[in-house]
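Quick note on this note's numbering: the sequence shown kicks off at 274 and runs consecutively. Ideal Cβ positions, reconstructed from N, Cα and C, are used throughout, including at glycine. These numbers come from a predicted model, not from an experiment. Single-structure report; data block below.
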Amino acid sequence: VNITILFLLTCTLVGLFLGYPVLSYIFSEVLPHHGGFGLGGTNASGQVPYFGESLRQGLIDYDTPKAAYSRMNLAGTKKMNLVFSDEFQVDGRSFYPGDDPFWEALDQWYWETGDYEWYDPSAITTRNGSLVITMSEKINHNNYFRSGVMSSWNKFCFTGGLVEARVVMPGSPTVPGFWPAIWMMGNLGRAGYGATTHGMWPYTYGTCDVGTLPNQTFPKSMGGGPELALTSGAKGKSLSWLPGQRLSACTCPGEDHPGPKLKDGTWGARSAPELDIFEGDAAPVGGHMSLSLQAAPFSTSYEVAQDHAVWYDPDRARRNPYHGGHYQQSISGVCDTDPNNYERTANQFDVHAVEYRPGPKGSYVVWSVSGKKAWSAGSRLDGRFADAAPRPCQQIPAEPMYIIMNFGMSYSFSKPKWDDLQFPAHFKIDYIRVYQPEGEENVGCDPKEYPTAQDYIQRHWEAYSNPNLTTWTEPKGHRAGYGHAL
Numbered sequence: 274v275n276i277t278i279l280f281l282l283t284c285t286l287v288g289l290f291l292g293y294p295v296l297s298y299i300f301s302e303v304l305p306h307h308g309g310f311g312l313g314g315t316n317a318s319g320q321v322p323y324f325g326e327s328l329r330q331g332l333i334d335y336d337t338p339k340a341a342y343s344r345m346n347l348a349g350t351k352k353m354n355l356v357f358s359d360e361f362q363v364d365g366r367s368f369y370p371g372d373d374p375f376w377e378a379l380d381q382w383y384w385e386t387g388d389y390e391w392y393d394p395s396a397i398t399t400r401n402g403s404l405v406i407t408m409s410e411k412i413n414h415n416n417y418f419r420s421g422v423m424s425s426w427n428k429f430c431f432t433g434g435l436v437e438a439r440v441v442m443p444g445s446p447t448v449p450g451f452w453p454a455i456w457m458m459g460n461l462g463r464a465g466y467g468a469t470t471h472g473m474w475p476y477t478y479g480t481c482d483v484g485t486l487p488n489q490t491f492p493k494s495m496g497g498g499p500e501l502a503l504t505s506g507a508k509g510k511s512l513s514w515l516p517g518q519r520l521s522a523c524t525c526p527g528e529d530h531p532g533p534k535l536k537d538g539t540w541g542a543r544s545a546p547e548l549d550i551f552e553g554d555a556a557p558v559g560g561h562m563s564l565s566l567q568a569a570p571f572s573t574s575y576e577v578a579q580d581h582a583v584w585y586d587p588d589r590a591r592r593n594p595y596h597g598g599h600y601q602q603s604i605s606g607v608c609d610t611d612p613n614n615y616e617r618t619a620n621q622f623d624v625h626a627v628e629y630r631p632g633p634k635g636s637y638v639v640w641s642v643s644g645k646k647a648w649s650a651g652s653r654l655d656g657r658f659a660d661a662a663p664r665p666c667q668q669i670p671a672e673p674m675y676i677i678m679n680f681g682m683s684y685s686f687s688k689p690k691w692d693d694l695q696f697p698a699h700f701k702i703d704y705i706r707v708y709q710p711e712g713e714e715n716v717g718c719d720p721k722e723y724p725t726a727q728d729y730i731q732r733h734w735e736a737y738s739n740p741n742l743t744t745w746t747e748p749k750g751h752r753a754g755y756g757h758a759l
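Below, the structure is given as structure tokens:
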């Protein structure tokens, strides 16, 4: 009897301290949400999207209505299919690093535009079926305001197509100061990480000539000039203060370059262009949006020929009086917005979009505000170039582009009317959808024609992960440089 009792007691103890943990692990293990790179529904880090009860299993949100799975292009001539969507229907989502397969919020000051706010991931969430970015009057890292920015950098990218967003603009249409925006950048530049955009933004250029050189001028050893590059800039000063196109078509064999290598053995030019869906602004006469392609190198006096432009509704859309400055040329229009589209008026959602076809030929950009075409830019963005030779300058971006959504404040964009601004303010995005022409789908951050993610970015991960590095070329420890050659 004693032996039997001892045997049963031993079995019980072994089962309790060994068997139970083993069985619990076997039956409760949750498989990770990862898949092979390049499979449908994976991002550049190999994650498969998972949003709990939303049952999302791919690039298209489960909550997107079936009626929105296709649409016509803005000209009404070609069918486009949905390739990505986010309806933001699941409340309480977090966008801290690692929390979402498609979006990541930044925790930093956006020094590039001298913003008043600190960007904090806690300022972004989903509520009542919308993404909500809140600007609040709270001291954060010695900044007096807190807001949010998030992007799909290196997670979701695409080349060409139509991006559509349904939004409510923050504040009032007659009180300037807020700067809500949805825009795109080439994946080789990470917004907010200055070393990665140094010598990359806002270039969109494929030729090896003086346009790729620092300040768009020849070195003194080659005679300097051209004259127009020295005198036709803002306020009669030099045209460009850019450091030169870091990954230009002039890159020599054997130098650091992400590719591709062309048939003649030379490197294809690479960059980080910017294409804005919209940048919202307000004024005493009413709200408006700037609709822009930011580009480099620059035309003389930042001018481009206007025969490339079409203004569909001159009563509300017109050429932007701002054409550029020492760091960017802005090929831009301005369009009035519906006053009901603002939080402090009727708080009504409205739909804005941009459609573009990339490349040097047959390309275009068309902007749409409130569901109606505003203006378009054709493929020949001609201008009197800085060497006095009229020729095509910038190109419609062919880089894989990612999406950025932010709510900022900066004197460089809009002088705030402090006495009338009300806090907290909210920039709401009901959905964001990306369409591409049927048969021309091109989704991914690392396409064969324009590789980025699997080689170059990983090779320079320090620059892409440290926002305190502000230049590519300055020595490490000096002016926050990354310490690499241009």
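Relative to the alpha-carbon of residue i, which residue among the options has its alpha-carbon at the smallest distance?
i    : options                : result
W376 : A348, S403, G402, V422 : V422
V483 : G462, I333, G467, L512 : L512
G559 : S574, E528, T618       : T618
N715 : A671, I702, G750, Q695 : A671
L564 : V363, E547, P570       : E547
A758 : T469, Y335, K339       : T469
P374 : Y383, G509, D359       : D359
G444 : D719, D692, V627, D586 : D692
Q567 : Y595, Y585, P557       : Y595
G472 : A341, Q381, Q362, T524 : T524
N741 : W382, Q668, R439, I333 : W382
N346 : S603, P338, R630, D703 : R630
Looking at the structure shown, is residue i part of a helix, part of a strand, or coil, going by DSSP?
i    : result
P305 : Caution applies to P305, whose pLDDT of 39 falls short of 50 and renders its modelled position unreliable; the value that the coordinates give is listed next. Correct three-state label for P305: coil.
D728 : helix
L501 : helix
P594 : coil
Y369 : coil
Q602 : strand
W514 : coil
S574 : helix
H699 : strand
N460 : coil
M495 : helix
A619 : coil
T746 : coil
V716 : strand
P663 : Legend: pLDDT at P663 = 44, less than 50; position of this residue unreliable, no value from coordinates given.
Go to residue i, then tell me how far its beta strand (DSSP E) extends in each direction, as first and last residue.
i    : result
A650 : 645–651
T399 : 397–400
A582 : 582–584
T539 : That residue, T539, is in no beta strand (DSSP E); it is neither H nor E in DSSP.
S403 : 403–408
S343 : 343–345
Name the two residues that bound the continuous alpha helix (DSSP H) containing residue i.
i    : result
Y737 : 734–738
G553 : Here G553 belongs to no alpha helix (DSSP H); instead the beta strand (DSSP E) covers 547–554.
A468 : 467–470
Pull up the DSSP beta-bridge partners for residue i, would you.
i    : result
Y708 : L355, L435
A378 : M423
H561 : D554, D609
G632 : I669
F390 : For the sequence presented, residue 390 should be read as Glu rather than Phe. According to DSSP, which records beta bridges pairwise, E390 is partnered with F418.
H625 : A438, V642
P226 : Residue 226 lies beyond the stretch modelled for the chain, which goes from 274 to 759, so this question has no answer here.
N413 : N416
G754 : T744
L566 : L548, I604
M674 : F431, G459
Sorry if obvious, but does the Cβ on residue i come closer than 7 Å to a heavy atom of the ligand FMN?
i    : result
P453 : Ligands displayed in this structure: none; no statement on the ligand FMN is therefore possible.
Got a sec: is the Cβ-Cβ distance from residue i to anything in chain D below 8 Å?
i    : result
V448 : The displayed structure is made up of one protein chain only, and chain D is not part of it.
Query raised in the report: Between the region 619–626 and the region 426–434, do three or more beta carbon pairs fall short of 8 Å?
Result: no
Query raised in the report: Within the chosen definition, does the region 564–583 reach the region 407–422 through at least 3 CB pairs nearer than 8 Å?
Result: no
Query raised in the report: Do the region 690–699 and the region 711–729 make contact, defined as three or more Cβ pairs closer than 8 Å?
Result: no
Query raised in the report: How about the region 459–474 and the region 735–754: do they share at least three Cβ pairs that are nearer than 8 Å?
Result: yes
Query raised in the report: Can we say the region 382–394 touches the region 683–697, given the rule of at least three CB pairs closer than 8 Å?
Result: yes
Report task. Count the CB pairs spanning the region 538–555 and the region 582–590 that are closer than 8 Å, and state whether there are at least three. Result -> no
Requested in this report: Could you tell me whether the region 524–532 touches the region 434–452, using the rule of 3 or more Cβ pairs below 8 Å?
Outcome: no
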